[in-house]
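K.L.:
This is the structure, below, for whatever I ask next.
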Amino acid sequence: MKALLKAFKTEIAPTREQKEKIIRSIGIARFLYNQYIAYNKKLYRMYQCGLLDSHQKHFVSANDFDKYVNHKLKIELPWINECGSKARKKALVNAETAFKKFFDGLAGFPRFKKKSNQDVKLYFPKNNKGDWTIWRHKLMIPTLKQVRLKEFGYLPVGAIVTSGTVSYVAGRFYVSVVVDIDEKSKYNKDLEASYHTATTGMGIDLGIKKLAIVSNGKTFNNINKSSKVKRLEKRLRRERRCLSRKYESKKKKGGKTVTASANIEKQKLKVQKLHQRIKHIREDYENKVIHEIVKQKPRFITVEDLNVKGMMKNKHLAQAVAAQRFNNLLVKLKRKAEIIGIEFRVVDIFYPSSKTCHCCGHIHKDLKLKDRVYVCPKCGYTEDRDFNASLNLRDAKKYRLA
1357 MKALLKAFKT EIAPTREQKE KIIRSIGIAR FLYNQYIAYN KKLYRMYQCG
1407 LLDSHQKHFV SANDFDKYVN HKLKIELPWI NECGSKARKK ALVNAETAFK
1457 KFFDGLAGFP RFKKKSNQDV KLYFPKNNKG DWTIWRHKLM IPTLKQVRLK
1507 EFGYLPVGAI VTSGTVSYVA GRFYVSVVVD IDEKSKYNKD LEASYHTATT
1557 GMGIDLGIKK LAIVSNGKTF NNINKSSKVK RLEKRLRRER RCLSRKYESK
1607 KKKGGKTVTA SANIEKQKLK VQKLHQRIKH IREDYENKVI HEIVKQKPRF
1657 ITVEDLNVKG MMKNKHLAQA VAAQRFNNLL VKLKRKAEII GIEFRVVDIF
1707 YPSSKTCHCC GHIHKDLKLK DRVYVCPKCG YTEDRDFNAS LNLRDAKKYR
1757 LA
């Protein structure tokens, strides 16, 4: 196997000084990101009003804005220098990428980063030889020095780290590193020894009632219907109502605008922690499902190209579709198949996998969504609707390799 880049994410236990530096640096990176968005947004609005001849010509790049930050903004706001220069530059590069995607028609207009969303990550490249050195219980992060790990032995000790990010979510600190795994690494050897592709393939039909129905007979239930997740979602609704009442109570006392208080911040943290816990349960289940699928050693895996965006437009199904995280599951499954060497096939979105009879090939056009058992009107073949779809996906002749 060739060398590959593998990402690892784990929780860290920084000291009080390190925590303060991380939170302060994330705030500065978010501030510069929003400044860059605001500056180019103003230019774009001027172009829309006809005051500029071309938005591309007057668009300010991340390099030019970084020069403005270093030569002017830092003099006016000296606290910007408390964040590392590479972390600041990466925040501006991310903002520039967001604008380029908008100009290319791949995404909407860039939006400002909110403090409450906690979606800004600190980027640290490997500049010196000692940067990102991994030990069993700690690692060396640039500008933060040695930081203790919560989980010992998870990160590959002595591996070559190309870059990493530090994030802060719901009161907890995480580090993500990109490691260059070579051919002689135990990670590659374990994969090569454990998985040998077989002669048979596998079709997977994803759904809402059941997460995945596999053509070999395996069925993976919907984790969102488990008592554990339902209990947490009930707690989440209760805590969100409590947070809303705190805002409403303060509005009645102080007028229209509401400034955050200590009690509101505590309640927001409770809500964030519940969101994070539910997310971790879903991610853990996704990883287990992918492991069980790949463990069957199929020659190829065939899935259907899902129109998740269109499914989300249905107000009755939107919440259930979002909770299933189909895109996350397919991206992870595709990556796992790519690493191991399993062919990953995707059939067209309009392929009638559910309406086609696996026995005779007849297309049952009158099949409705409420019909959970497929009964072929031509040959009488009877089978579970989703299992029939998985068999058709496995035997599909027209597909594209992802």
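Just so we're aligned, residue 1357 is where the sequence shown starts under this note's numbering, counting upward by one.
Note that beta-carbon positions come from the ideal geometry of N, C-alpha and C, so glycine has one too.
No experiment lies behind these values; they were computed from the predicted model shown.
(1) Over what stretch of residues does the alpha helix (DSSP H) that includes residue 1667 continue unbroken?
(2) With burial defined as no fewer than 16 other Cβ atoms inside 10 Å of the residue's Cβ, what is the status of residue 1561: buried or exposed?
(3) Going by Cα to Cα distance, which pick from 1448, 1404, 1371, 1407 is closest to residue 1389?
(4) Going by C-alpha to C-alpha distance, which of 1436, 1660, 1666, 1665 sits closest to residue 1686?
(5) Measure the beta-carbon distance from residue 1617 to residue 1478 and round it to whole angstroms, keeping in mind my assumption that it falls under 8 Å.
(6) DSSP state of residue 1357, grouped into three classes?
(7) Give me, in chain order, the residues of the same chain whose beta-carbon lies closer than 6 Å to that of residue 1575; leave out the 5 immediate sequence neighbours on both sides.
(8) For residue 1694, tell me which candidate among 1758, 1628, 1405 has the shortest Cα-Cα distance.
(9) Going by C-alpha to C-alpha distance, which of 1526, 1373, 1431, 1465 sits closest to residue 1367?
(10) Is residue 1605 helix, strand or coil when you go by DSSP?
(11) Quick check: the Cα distance between residue 1404 and residue 1395, rounded to an integer number of angstroms?
(12) Taking only the alpha-carbon atoms, compute the straight-line gap between residue 1706 and residue 1755 and give it to the nearest angstrom.
(13) Quick test of the definition: if touching needs 3 or more C-beta pairs under 8 Å, does the region 1488 to 1505 touch the region 1514 to 1528?
(14) Any idea what DSSP makes of residue 1469, helix, strand or coil?
(15) On the three-pair Cβ rule with 8 Å, is the region 1651 to 1669 touching the region 1735 to 1754?
(16) Among 1638, 1636, 1563, which has the Cα closest to the Cα of residue 1728?
(17) Under 8 Å, with one C-beta from each stretch per pair, do the region 1726 to 1746 and the region 1637 to 1648 reach the 3-pair mark?
(18) State yes or no: is the beta carbon of residue 1742 nearer than 7 Å to at least one beta carbon in chain D?
(19) May I ask you to report which of helix, strand or coil DSSP gives residue 1523?
(20) Drop a sphere of 10 angstroms on the beta-carbon of residue 1386, count the other beta-carbons inside from all chains shown, and report buried for 16 or more, exposed for fewer.
(21) My understanding is that residue 1713 touches residue 1726, with C-beta atoms under 8 Å, so please give their C-beta distance in whole angstroms.
(22) Run through DSSP, which three-state label would residue 1374 get?
(23) For the beta strand (DSSP E) that contains residue 1738, what are its first and last residues?
(24) When the distance is taken between beta carbons, is residue 1676 closer than 7 Å to residue 1710?
(25) Is it true that the region 1360 to 1374 meets the region 1527 to 1537, where meeting means three or more beta-carbon pairs spaced less than 8 Å apart?
(26) Starting from the Cα of residue 1524, find the closest Cα among 1425, 1475, 1500 and give me that residue.
(27) How is residue 1567 classed by DSSP in three states: helix, strand or coil?
(28) Provide the residue span of the beta strand (DSSP E) that contains residue 1656, from first to last.
(29) How far does the alpha helix (DSSP H) with residue 1731 in it reach, from first residue to last?
(30) In or out: residue 1401 buried (at least 16 other Cβ within 10 Å) or exposed?
(31) Of the residues 1391, 1456, 1506, 1558, which one's Cα is nearest the Cα of residue 1699?
(32) What did DSSP end up calling residue 1453 once you bin it into helix, strand or coil?
(33) Quick one: grab the DSSP three-state call for residue 1745.
(34) In angstroms with no decimal places, state the Cα-to-Cα distance between residue 1642 and residue 1590.
(35) Can you tell me the Cβ-Cβ gap for residue 1458 and residue 1466, rounded? I've got them flagged as a contact below 8 Å.
P.N.:
By the coordinates alone:
(1) Position 311 of the sequence shown, counted from the start, is the residue given in the question as residue 1667. Start and end: 1664 to 1667.
(2) Taking the sequence shown and counting its residues from 1, the one referred to as residue 1561 is at position 205. It counts as buried.
(3) Within the sequence shown, numbered from 1, the residue matching residue 1389 stands at position 33. Nearest C-alpha to residue 1389: 1448.
(4) Counting from 1 along the sequence shown, the entry for residue 1686 is found at position 330. Residue 1686 has its Cα closest to that of 1660, out of 1436, 1660, 1666, 1665.
(5) Position 261 of the sequence shown, counted from the first residue, corresponds to residue 1617. Position 122 of the sequence shown, counted from the first residue, corresponds to residue 1478. Contact flag wrong, Cβ pair sits at about 28 Å.
(6) As a working note, residue 1357 is residue 1 in the sequence shown. Legend: pLDDT at residue 1357 = 47, less than 50; position of this residue unreliable, no value from coordinates given.
(7) Locating residue 1575 in the sequence shown gives position 219, counting from the first residue. Same-chain partners within the cutoff: 1566, 1569.
(8) Working through the sequence shown from its first residue, we reach residue 1694 at position 338. The candidate whose alpha carbon is nearest that of residue 1694 is 1758.
(9) Within the sequence shown, residue 1367 is the residue found at index 11, counting from 1. Selected option, being the one with the closest Cα: 1526.
(10) Position 249 of the sequence shown, counted from the start, is the residue given in the question as residue 1605. Three-state DSSP puts residue 1605 in a helix.
(11) By one-based count along the sequence shown, residue 1404 stands at place 48. By one-based count along the sequence shown, residue 1395 stands at place 39. Between residue 1404 and residue 1395, the C-alpha separation is close to 15 Å.
(12) The sequence position of residue 1706 within the sequence shown is 350, counting from 1. The sequence position of residue 1755 within the sequence shown is 399, counting from 1. Cα-Cα distance, rounded: 12 Å.
(13) yes
(14) Here residue 1469 corresponds to residue number 113 of the sequence shown, with the count starting at 1. In this structure, residue 1469 counts as coil in the three-state DSSP scheme.
(15) yes
(16) The count along the sequence shown starts at 1 and reaches residue 1728 at position 372. Comparing Cα positions, the closest option is 1563.
(17) no
(18) In summary, chain D is missing from the structure at hand, where a single protein chain is found.
(19) The residue you call residue 1523 lines up with position 167 of the sequence shown. Here residue 1523 sits in strand by DSSP.
(20) Taking the first residue of the sequence shown as 1, we reach residue 1386 at position 30. Buried, by the Cβ-count rule.
(21) Translated into positions along the sequence shown, residue 1713 becomes position 357. Translated into positions along the sequence shown, residue 1726 becomes position 370. That belief does not hold up - the Cβ atoms of residue 1713 and residue 1726 are roughly 19 Å apart, past 8 Å.
(22) Sequence index remark: in the sequence shown, residue 1374 carries index 18 (1-based). Residue state, collapsed to three classes: helix.
(23) Indexing the sequence shown from 1 puts residue 1738 at position 382. Looking at the DSSP string, the run of the beta strand (DSSP E) that includes residue 1738 is 1738 to 1740.
(24) The count along the sequence shown starts at 1 and reaches residue 1710 at position 354. The count along the sequence shown starts at 1 and reaches residue 1676 at position 320. Not a contact, by the Cβ cut-off of 7 Å.
(25) yes
(26) Looking up residue 1524 in the sequence shown gives position 168. Taking only the C-alpha atoms, the option nearest residue 1524 is 1475.
(27) The residue you call residue 1567 lines up with position 211 of the sequence shown. Note: residue 1567 maps to strand in three-state DSSP.
(28) Walking along the sequence shown from the start, residue 1656 turns up at place 300. 1656 to 1660 is the extent of the beta strand (DSSP E) around residue 1656.
(29) What you label residue 1731 is simply residue 375 of the sequence shown in a count that begins at 1. First-last for residue 1731: 1729 to 1731, but that is the beta strand (DSSP E), not the alpha helix (DSSP H).
(30) Sequence index remark: in the sequence shown, residue 1401 carries index 45 (1-based). Exposed: under 16 other Cβ atoms inside 10 Å.
(31) Here residue 1699 is taken as the residue at index 343 of the sequence shown, counted from 1. Ranking 1391, 1456, 1506, 1558 by Cα distance to residue 1699 puts 1558 first.
(32) Locating residue 1453 in the sequence shown gives position 97, where the first residue counts as 1. Residue 1453 falls in the helix class under three-state DSSP.
(33) Residue mapping note: residue 1745 aligns to position 389 of the sequence shown, counting from 1. Helix at residue 1745.
(34) What you label residue 1642 is simply residue 286 of the sequence shown in a count that begins at 1. What you label residue 1590 is simply residue 234 of the sequence shown in a count that begins at 1. One C-alpha to the other measures close to 22 Å.
(35) Residue numbering aside, residue 1458 sits at position 102 when the sequence shown is read from its first letter. Residue numbering aside, residue 1466 sits at position 110 when the sequence shown is read from its first letter. The Cβ separation is near 6 Å, so the contact holds.
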